[in-house]
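First comes the structure, then the notes that go with it.
Residue numbers (the working numbering): 338 to 447.
Quick look at the structure:
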């Protein structure tokens, strides 16, 4: 059983938003996962689909695996750096803005 991995680092979205998509495609065959991500209205689905396409092409070209037998065996979304910014408010005060990022690890098996 061969595993092919792909990684997306410092993706500019919060981990909780991407975990919703990851839970939908975990354990699915590759063609089902591509359909789910293609028709999902979530903003992170396009980049997650690009990561899945990258893993599929790597499996086909580098390892010679059959695409029809591949499935998503493991996908994890971890929190990454948080960029902290400040927004000016009334009366000389300030609010903190946190721009969150995440790391996505994807593994395909046959």
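Backbone N, C-alpha and C fix where the C-beta goes; we use that ideal spot for every residue, glycine too.
Query                                                                                          : Result
Proximity winner among 444, 353, 339, relative to residue 392 (alpha-carbon distances)         : 444
Continuous beta strand (DSSP E) stretch holding residue 438: start and end                     : 431-446
Endpoints, alpha helix (DSSP H) assigned at residue 388                                        : 382-400
DSSP-derived helix/strand/coil call for residue 342                                            : strand
Same chain, Cβ closer than 6 Å to residue 373, neighbours up to 5 away in sequence not counted : 361, 362
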